[in-house]
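Protein chains: 2
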Amino acid sequence: MATIRDVAKRAGVAPITVSRVINNSGYVNEQTRARVEAAIADLGYVPNVLARSLRSRRTHTLGLILTDNSNPFWTTVARGVEDAASDAGFNVILCNTDESEAEQDKYLHVLVQKQVDGVLLVPASGAIAPIKFIQSQNTSVVVLDRRIPDSQADVVRCNSEGGAYQLTRLLLSLGHRRIAMLSGPRGVSTAEDCVAGYRRALAEAGADVDATLICYGEFSLESGYDMTVQMLARTPRPSALFAGNNFIAIGALRALRDAGLRVPEDTALVSFDDLPADLVVDPFLTVAAQPAYEMGRQATELLLARLSAGAPTTYQEIVLPTAIIVRGSSGQALE
Amino acid sequence: MATIRDVAKRAGVAPITVSRVINNSGYVNEQTRARVEAAIADLGYVPNVLARSLRSRRTHTLGLILTDNSNPFWTTVARGVEDAASDAGFNVILCNTDESEAEQDKYLHVLVQKQVDGVLLVPASGAIAPIKFIQSQNTSVVVLDRRIPDSQADVVRCNSEGGAYQLTRLLLSLGHRRIAMLSGPRGVSTAEDCVAGYRRALAEAGADVDATLICYGEFSLESGYDMTVQMLARTPRPSALFAGNNFIAIGALRALRDAGLRVPEDTALVSFDDLPADLVVDPFLTVAAQPAYEMGRQATELLLARLSAGAPTTYQEIVLPTAIIVRGSSGQALE
DNA sequence: CGTTTTCCTGGTACGCTTACCATAGTACAA
DNA sequence: TTGTACTATGGTAAGCGTACCAGGAAAACG
Numbered sequence: 659m660a661t662i663r664d665v666a667k668r669a670g671v672a673p674i675t676v677s678r679v680i681n682n683s684g685y686v687n688e689q690t691r692a693r694v695e696a697a698i699a700d701l702g703y704v705p706n707v708l709a710r711s712l713r714s715r716r717t718h719t720l721g722l723i724l725t726d727n728s729n730p731f732w733t734t735v736a737r738g739v740e741d742a743a744s745d746a747g748f749n750v751i752l753c754n755t756d757e758s759e760a761e762q763d764k765y766l767h768v769l770v771q772k773q774v775d776g777v778l779l780v781p782a783s784g785a786i787a788p789i790k791f792i793q794s795q796n797t798s799v800v801v802l803d804r805r806i807p808d809s810q811a812d813v814v815r816c817n818s819e820g821g822a823y824q825l826t827r828l829l830l831s832l833g834h835r836r837i838a839m840l841s842g843p844r845g846v847s848t849a850e851d852c853v854a855g856y857r858r859a860l861a862e863a864g865a866d867v868d869a870t871l872i873c874y875g876e877f878s879l880e881s882g883y884d885m886t887v888q889m890l891a892r893t894p895r896p897s898a899l900f901a902g903n904n905f906i907a908i909g910a911l912r913a914l915r916d917a918g919l920r921v922p923e924d925t926a927l928v929s930f931d932d933l934p935a936d937l938v939v940d941p942f943l944t945v946a947a948q949p950a951y952e953m954g955r956q957a958t959e960l961l962l963a964r965l966s967a968g969a970p971t972t973y974q975e976i977v978l979p980t981a982i983i984v985r986g987s988s989g990q991a992l993e
Numbered sequence: 659m660a661t662i663r664d665v666a667k668r669a670g671v672a673p674i675t676v677s678r679v680i681n682n683s684g685y686v687n688e689q690t691r692a693r694v695e696a697a698i699a700d701l702g703y704v705p706n707v708l709a710r711s712l713r714s715r716r717t718h719t720l721g722l723i724l725t726d727n728s729n730p731f732w733t734t735v736a737r738g739v740e741d742a743a744s745d746a747g748f749n750v751i752l753c754n755t756d757e758s759e760a761e762q763d764k765y766l767h768v769l770v771q772k773q774v775d776g777v778l779l780v781p782a783s784g785a786i787a788p789i790k791f792i793q794s795q796n797t798s799v800v801v802l803d804r805r806i807p808d809s810q811a812d813v814v815r816c817n818s819e820g821g822a823y824q825l826t827r828l829l830l831s832l833g834h835r836r837i838a839m840l841s842g843p844r845g846v847s848t849a850e851d852c853v854a855g856y857r858r859a860l861a862e863a864g865a866d867v868d869a870t871l872i873c874y875g876e877f878s879l880e881s882g883y884d885m886t887v888q889m890l891a892r893t894p895r896p897s898a899l900f901a902g903n904n905f906i907a908i909g910a911l912r913a914l915r916d917a918g919l920r921v922p923e924d925t926a927l928v929s930f931d932d933l934p935a936d937l938v939v940d941p942f943l944t945v946a947a948q949p950a951y952e953m954g955r956q957a958t959e960l961l962l963a964r965l966s967a968g969a970p971t972t973y974q975e976i977v978l979p980t981a982i983i984v985r986g987s988s989g990q991a992l993e
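Chains A and B are the protein sequences, given in the same order. In the numbering used here, each number is its position in the first sequence, counted from 1, plus 658. In the numbering used here, each number is its position in the second sequence, counted from 1, plus 658.
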């Protein structure tokens, strides 16, 4: 393959001049520029960004570590990240951890090895070590969607506690008192915040919190199914279910169907995370919708700002609001 | 950040010895290895793969160019690619073209600049130039999902023509004679193959092909909606619709709902591409399901084989079968 | 014992681009 | 005339690993 030296030779200039043409930097005479551009076209020259990045210490690449890009919520977040990155001339390397800390560590190493300029991290756990590791490699990091207690890092997330509070209040206002909470893993802030908002709404309404109605599971269809089966076995049956994310909600819907229960007539259901409009014919779930795209976008913009500004003195925490969308699954007020 | 030289100095060896430890190549004494590993740990050294790749001329990175990763079909393909790549120690850079040739060209340049070892391409059009460009840069390429006439390249795709033929036969066997075809863009082989299979089935059954019932549009919800509206305006109305992909099918379902038509009682519907089981509570669409994951996986394995084998003498075309899954949307036989 | 093989380590240069510094001509003001 | 600023271009080295070649010691072999 042609190198910058080949181009330089053909154009009768020094390699650095070719570099200036490519990067539009410094001074280049118009005729010289034309000669260089002709040489580039003749040789089909394509710059080697490995060499460029090695020298300039900038790769114009970000790493995005999230749990599962096949979940439409994360697909949307990723799209926000990619659009914002693309606007600034950055590429994104996407990594799925499936909530595994081991995978997360593996990918962190890969990203650092690839010299990414910054990392957007949806942490698989509340541990601080991964943040410290990235920072120890002089790489910027923004934490996405989840809090990490006591960490020194920027965070962009949604108000899960508030969303859960509102959804729970909605169910309470419809007359439900036995509401089962089907949450995500313990130690993951969004799952814990969900439970916190649920508890706050119940406490405020003077309703008893039956701790046995609170389940911690996985953010997966299977887990949603299992938790629902477990909750339906209790007597009296809960009159409403609160799903911690969209996959849990779909699992819950299947379990309810298999148990012969109608939604919302027999059991009401609300959930976090909407499904994208493109994938659903008749939206049915009452949800607390998170601004997924916006979250990805803002996190990326914050990260890019950090890159150009140098070491921050104080870290930001940006909390985006959730929107309650009432549809059929939450049902009418109980008589 | 620590470099290999820093590690070497601390361990009292030459840089090349550290390199051997990292890459498990050549001979290294056990004690030396331990000293080096200790030094690596002490310094928190992480190798710079830019420098490595620059020297070794291998990045262990593949490029995947597809049309829209937010479509679950492509999400699944991408997952197959990533799993196969990961198994072989390769990373994947994902690029969405949204069917735009300009975007495709842009990404091809980016990938070549990044010195990817190979490219998996879902071509935005039937043009040969992009293939030639990649090959001119000494980079291997495998074409995914679609044919490019007269191109010299490996291809892994599904049997769209056969799947469309079978779906159309199914509708014919149920008594439908006016079947509207809602296909993708002209010039995209999967869209054309769909129409070809449809025509073959009709011809074989001795049914007239009403060319005005064949629509070419986009692989999108909006286009599916529009094409359906257009078809429903015809008299007599088609008794069945054939959607060229899952997004078109969802658009069609919405248009039918908005027109007050029931599926399948008033209008039958079949489609290409299934929706992932994780996203749907009650699967309803009768589809020709493509082995998306397997397609991604096989294409990647073929590409990796090319990388280690050197220039191929003959190119392969791997055609995977589609599976007809009959569900409610195709309905019962007309009386 | 000499020879071959295996084991272990290092020096040097190179992969390709750009940072940094230097040079030099022209123009314009002081 | 000297100084300053701008334009235009180039030489050299550096960024960080590894390919390639070389060399020496120990072990195995005939």
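We treat Cβ as the ideally placed atom computed from N, Cα and C, and that holds for glycine.
So with Cβ pairs under 7 Å, would you call residue i a contact of chain A?
i: A950(B); result: no
i: L879(B); result: yes
i: I674(B); result: no
i: S711(B); result: yes
i: T886(B); result: no
i: P843(B); result: no
i: G702(B); result: yes
i: Q956(B); result: no
According to the Cβ coordinates, are residue i and residue j closer than 7 Å?
i: E757(A); j: T725(A); result: yes
i: Q771(B); j: V770(A); result: no
i: N817(B); j: P949(B); result: no
i: V707(B); j: L722(B); result: no
i: F930(A); j: G986(A); result: no
i: I906(A); j: L840(A); result: yes
i: A901(B); j: A913(B); result: no
i: A981(A); j: A947(A); result: yes
i: A660(B); j: V676(B); result: no
i: R858(B); j: V867(B); result: no
i: N754(B); j: N729(B); result: no
i: A697(A); j: R668(A); result: yes
i: G845(B); j: F877(B); result: no
i: V813(A); j: E975(A); result: yes
Please state the DSSP three-state secondary structure of residue i.
i: V819(B); result: Looking at the sequence itself, residue 819(B) is Glu, so the reference to Val does not match. E819(B): helix per DSSP, three-state reduction.
i: N681(B); result: helix
i: D745(B); result: helix
i: L960(B); result: helix
i: Y874(A); result: strand
i: S809(A); result: coil
i: N903(A); result: coil
i: V800(B); result: strand
i: E923(B); result: coil
i: E626(B); result: Residue 626(B) lies beyond the range of chain B shown here (659 to 993); nothing can be said about it.
i: A782(B); result: coil
i: G670(B); result: coil
i: F942(B); result: coil
i: V846(B); result: coil
Taking only beta-carbon atoms, is residue i less than 7 Å away from chain B?
i: Q762(A); result: no
i: R715(A); result: no
i: T980(A); result: no
i: T733(A); result: yes
i: P922(A); result: no
i: K667(A); result: no
i: R912(A); result: yes
i: V800(A); result: no
Assuming the contact rule is C-beta atoms closer than 8 Å, residue i and residue j should be a hit. Round their C-beta distance to whole Å, please.
i: R815(A); j: R827(A); result: R815(A) to R827(A), Cβ: 21 Å. No contact.
i: L829(A); j: A898(A); result: 5 Å
i: G989(B); j: L832(B); result: 7 Å
i: N749(B); j: T719(B); result: 5 Å
i: Y874(A); j: A849(A); result: 7 Å
Contact between the stretch 763-777 of chain A and the stretch 796-803 of chain A (3+ Cβ pairs under 8 Å): yes
The stretch 744-758 of chain A in contact with the stretch 887-905 of chain A per 3-pair CB rule at 8 Å: no
Given 8 Å, three or more beta-carbon pairs between the stretch 821-831 of chain A and the stretch 785-792 of chain A: no
At least 3 beta-carbon pairs within less than 8 Å: the stretch 687-707 of chain B vs the stretch 923-940 of chain A: no
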